[in-house]
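Residue numbers (the working numbering): -18 to 205. Virtual Cβ for every residue (Gly too), placed ideally from N, Cα, C. Here is the structure we will look at.
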């Protein structure tokens, strides 16, 4: 069954409650704005949109959402809006699986030391051997000096199944200045930062440790 067309009433009720809290609205006010009694609103949220789609349309409008945003969730919210999966299990990756999850390239977060607290920046990265490389501005926030101790993290979330994984790498930074290496990286890796601009400085993160884990459900044998 497609949960986008037939969502769990409990998930919808929680979504409505979260939105009401954000708008500082109570059930009576929501019912009034949606043109129904509080009693009918309670029946509606307990039954799901199949019971009265037009009623949910009015509730969505009262909450300042489209019908699709109410039923499926807003696409611009961070992942993790759904409920935990049934019988969740937290499993750890070996080193080879960590590198397999990183793939050839993607978007990750580089975490750099700073005062008063460490700072994290999203970067477009590529895997070069068993290292991570990314491009940035020479004077940019992600342009760490040689030898800086850093962390690098990549993750993926599946909200529909409440599954996900993350890989965390810790190591040190090396600024790449060797012309043949720079030419090879430009030719072979083609890292294109989404932020645009020339991004002339190449940074390499040499790992000292790499770990990973995933959360899945034991109901399907731990597959994700």
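- The continuous alpha helix (DSSP H) containing residue 41 extends over residues 34 to 43.
- Between the beta-carbon of residue 195 and that of residue 155 there is about 30 Å, and that puts the pair past the 8 Å contact cut.
- Bounds of any alpha helix (DSSP H) do not take in residue 18, whose DSSP letter is neither H nor E.
- Relative to the Cα of residue -2, the nearest Cα in the group 184, 34 and 41 belongs to 41.
- Under the 10 Å beta carbon count, residue 125 is surrounded by 16 or more other beta carbons and is classified as buried.
- In the three-state reduction of the DSSP assignment, residue 171 falls in the coil class.
- Around the CB of residue 183, 16 or more other CB atoms lie within 10 Å, so the residue is classed as buried.
- Ranked by Cα distance from residue 134, the options 119, 146, 90 and 94 are led by 90.
- A residue is called buried once 16 or more other Cβ atoms fall within 10 Å of its Cβ, and residue 95, having fewer, is exposed.
- Excluding sequence positions up to five before and after residue 8, its CB lies within less than 8 Å of the CB of 1, 19, 22 and 23, all in the same chain and listed in chain order.
- For residue 122, the three-state secondary structure derived from DSSP is coil.
- Residues of the same chain with their beta carbon placed closer than 7 Å to that of residue 179 are lacking, with the five preceding and five following residues left out of the count.
- Under the DSSP assignment, residue -10 falls in the alpha helix (DSSP H) whose first and last residues are -10 to 4.
- Across the structure, residue 82 and residue 143 are spaced so that their CA atoms are roughly 18 Å apart.
- Cα atoms of residue 118 and residue 36: separation of roughly 52 Å, rounded to the nearest angstrom.
- Apart from the 5 residues on each side of it in sequence, residue 4 sits with its Cβ closer than 8 Å to the Cβ of 44 and 45 in its chain, given in chain order.
- Secondary structure note for residue 81: its alpha helix (DSSP H) is the uninterrupted segment 76 to 83.
- For residue 156, the enclosing beta strand (DSSP E) begins and ends at 144 to 157.
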